[in-house]
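Below: one structure, written as structure tokens.
Residue numbers (our numbering): -3 to 312.
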């Protein structure tokens, strides 16, 4: 699999409740090469669930899209494949990293780290239906005592996986502590003679962080929490890699981008839903802006677009 398949090395990672088509469009406009959907239930897709299918909708012009599935076994994946292929994914990604209890208790997400043979079965099931590249997003292991990421990656590679993304924390860590950057170096060395694309995720909050990951030998970076309220990180990273410098957005650009994001969300989901769902994004956009406490309170209380826009514009 060539990096051109996904346009380049800087990807918006899958984030449940965040990476809908509005956020993906904003990220794309600020330099994201490709994006991953929120994680999609293979079982929900197999059962033709309307909420599940909503996660697969693209913004106009989104020609490439990585669709991420979660499933505890290969059976739901097989049943979901006919429906999934109707959405023409660029890459099909399997979630083996989500640490959330409601996902893990079903045997999906990072629970799959305990069963490398199952990820192999899931990949082979996909390969029965299509030649579309398959990727796997995974963790270091279940906990500190069971770090099996290399063996897990080998199982995925041997089954035909073309791309691997390591979030360098264990499931037990969740999102606490720090991502283990040395693990990226070890993974890169392990696959140095392979054609598999290697990506890293975890604690990428700046262009400097992204460059440090690339210097471990990875092919690319997935930006997750570091892109929330900061889609500018994609263009900043590209500028930094090319020149050694980058310019942060001015306050006005941050606010106007937040308003554009809100308007996109309204267009896709309606004002009521958008105003509710966008608050977490808007709080992130204005984080760190001096004297923003009043605006934060207004956003928290707002019920309609007019009030949200007024609160945002008060900061310009």
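From the three backbone atoms N, C-alpha and C, an ideal C-beta is built for every residue, glycine too. All values reported here derive from a predicted model rather than from experimental measurement.
Counting of Cβ neighbours within 10 angstroms places residue 5 among the buried residues, the total reaching 16 or more.
DSSP, reduced to helix, strand and coil, places residue 43 outside both helices and strands of the structure shown, so it counts as coil.
In the structure shown, the three-state DSSP call for residue 101 is coil. A residue is called buried once 16 or more other Cβ atoms fall within 10 Å of its Cβ, and residue 185, having fewer, is exposed. Around the Cβ of residue -2, a 10 Å sphere holds fewer than 16 other Cβ atoms; the residue is exposed. Between residue 116 and the set 94, 254 and 68, the nearest pair of CA atoms involves 68. Here residue 284 has no same chain residue with a Cβ atom under 6 Å from its own Cβ, once five neighbours each way along the sequence are excluded.
Each of 270, 196 and 169 was checked against the Cα of residue 182, and the nearest Cα belongs to 196. DSSP places residue 210 within a helical segment (H, G or I) once states are collapsed to three. Secondary structure at residue 279: helix, using DSSP grouped into helix, strand and coil. Counting along the chain, residue 70 sits inside the alpha helix (DSSP H) bounded by residues 70 to 81.
For residue 208, the CB contacts under 7 Å within the same chain, skipping 5 residues up- and downstream, are 177 in chain order. Going by DSSP, residue 135 is part of the beta strand (DSSP E) stretching over 130 to 135.
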